[in-house]
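Residue 1553 in the numbering used here sits at position 88 of the sequence shown, and the numbers go up by one each step. Take a look at the structure set out below.
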Amino acid sequence: MKFPKPHTLKNIAQLIGCSFVGDDDFSVLGMNEIHVVEPGDIVFVDHPKYYDKALDSAATIILINKEVTCPQGKVLLISDDPFRDFNKLTKHFKPFQSANSQISSSAIIGKNSVIQPNTFIGHNVVIGDNCTIHSNVSIYDDAIIGNNVTIHAGSVLGGNAFYYKNRPEGYDRLKSSGRVVLEDHVDIGSGCTIDRGVTADTRIKEGTKIDNLVQIGHDTVIGKKCLIASQVGIAGCVVIEDEVTIWGQVGITSGITIGKKAVISAKAGVSKSLEGGKSYFGIPADDFRSKYKEIASIRKIPEILDKLKEQDKK
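Structure representation (structure tokens):
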């Protein structure tokens, strides 16, 4: 998320009530999660395991819970609770705005686009030309919909990221300020849920077709001309490259990449990145040849046990 205008390090420190290391007037342009940070961005880190990753990232402002050696060209915001203060900044720069109409007056709807009854369209949503948005669809604030897009009944675009910190008093949610972006010629089935990015975009690229009852997590990017069948669950921060086919009830863990033109068969469980141009099935998912060898080996186990029993008797 980029701020409407640049701010100084001192100003940001005052907003969240923390100390800082660096020049008062160091320029702060925005805030982002570590996988999308750029120079001028704030990134937060609150665990020693990830200190080096944050300090070595492209971010030039590190919101951290310990005073450490500051890398050259960067500055530090020293906080006793970076998670809390990242939320404070989100609330300040992107506060929740309640709706007072079914279709916000700030929404832009293109030529020949049809919005069926009982659909909600939030603030600053942009919908392109020749789209059809069916009844009971909810499109939360700031979503961008391209041209020739169809969204079927009951789907929700822009829900919060499923991202929580476990505190003694209960789970604390990381506030979401990102967007959902659907490019041209995307179809979304009924009852799908596509979460917004935490600070950036959850993006479905041109020509991708998604069946009913599919969940797509925050900051996930799905490539061009993908086919995703019903009841697929995709976690956050996944990259699915172009022309991937995913069949029904596949589950995909967070932060991995599925290569171009991969095919994942129904009910597979994907727990690691998969190379493109291959077919996969099983739990955990593996390519067909490896998986069939594994199954063949497992089927030999009873025979092997019988032979061992015979040897014991002798």
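Backbone N, C-alpha and C define an ideal beta-carbon position, used for all residues, glycine too.
*Going by Cα to Cα distance, which pick from GLY1734, GLY1672 and ARG1754 is closest to GLN1714?*
Checking every option, the nearest Cα to that of GLN1714 belongs to GLY1734.
_Within 8 angstroms, do at least three Cβ pairs link the segment 1645-1660 to the segment 1669-1688?_
Segments in contact, yes.
*Nearest to HIS1512 by CA position, among ILE1568, ASP1545, ALA1750 and ARG1638, is which residue?*
The residue with the shortest Cα to Cα distance from HIS1512 is ASP1545.
*Mind checking which residues open and close the beta strand (DSSP E) that includes ILE1543?*
In the DSSP assignment, ILE1543 falls within the unbroken beta strand (DSSP E) covering 1540-1543.
*asked:* Rounded to whole angstroms, what is the Cα-Cα separation between HIS1588 and PHE1485?
replied: Each residue's CA atom was taken as its position, placing HIS1588 and PHE1485 some 35 angstroms apart.
*How would you write the range of the alpha helix (DSSP H) that LEU1480 sits in, first residue to last?*
Segment 1474-1481, the alpha helix (DSSP H) holding LEU1480.
_Measuring straight from C-alpha to C-alpha, what distance separates LYS1576 and THR1615?_
Taking the straight line from one Cα to the other gives about 14 angstroms.
*asked:* Taking the straight line between their C-alpha atoms, what separation do you get for LYS1475 and LYS1514?
replied: If I take the Cα positions, the gap works out to 27 angstroms.
*According to the Cβ coordinates, are ILE1598 and ILE1580 closer than 7 angstroms?*
The beta carbons of ILE1598 and ILE1580 sit closer together than 7 angstroms.
*May I ask you to list the residues that DSSP assigns as paired with ASP1751?*
For ASP1751, which the question treats as bridged, DSSP gives the partners PHE1746.
*Presumed contact (8 angstroms Cβ cut-off) between LEU1541 and ILE1507, rounded CB distance*: The C-beta distance from LEU1541 to ILE1507 rounds to 11 angstroms, too long to meet the 8 angstroms contact threshold.
*Label ARG1661 either buried or exposed according to how many other C-beta atoms from any shown protein chain fall within 10 Å of its C-beta, with 16 as the threshold for buried.*
With 16 or more other Cβ atoms within 10 Å, it is buried.
*Who are the Cβ neighbours of LEU1494 in its own chain at under 7 angstroms, not counting the five residues just before and after it?*
The residues LYS1467, PHE1468, PRO1471, GLY1505 and ASP1506, in chain order, have a CB closer than 7 angstroms to that of LEU1494 in the same chain once the five nearest residues on each side in sequence are set aside.
*Option in SER1522, VAL1602, ASP1666 and LYS1630 with minimal Cα separation from ARG1644*: The candidate whose alpha carbon is nearest that of ARG1644 is ASP1666.
*Look up GLN1680 in the DSSP assignment and say whether it is helix, strand or coil.*
It is a strand residue.
_For the segment 1713-1733 against the segment 1691-1705, do three or more pairs of beta-carbon atoms, one drawn from each stretch, fall closer than 8 angstroms, so that the two count as touching?_
Yes: at least three Cβ pairs fall under 8 angstroms.
_Own chain residues within Cβ distance below 8 angstroms of TYR1629, not counting five before or after_ = Here the set comprises TYR1636, ASP1637, ARG1638 and LEU1639.
*Please determine, among ASN1631, ASN1565 and ASN1612, the residue with the shortest C-alpha to C-alpha distance to HIS1650.*
Of the listed residues, the one whose Cα sits closest to HIS1650 is ASN1612.
*Using three-state DSSP, classify VAL1614 as helix, strand or coil.*
Coil, per DSSP.
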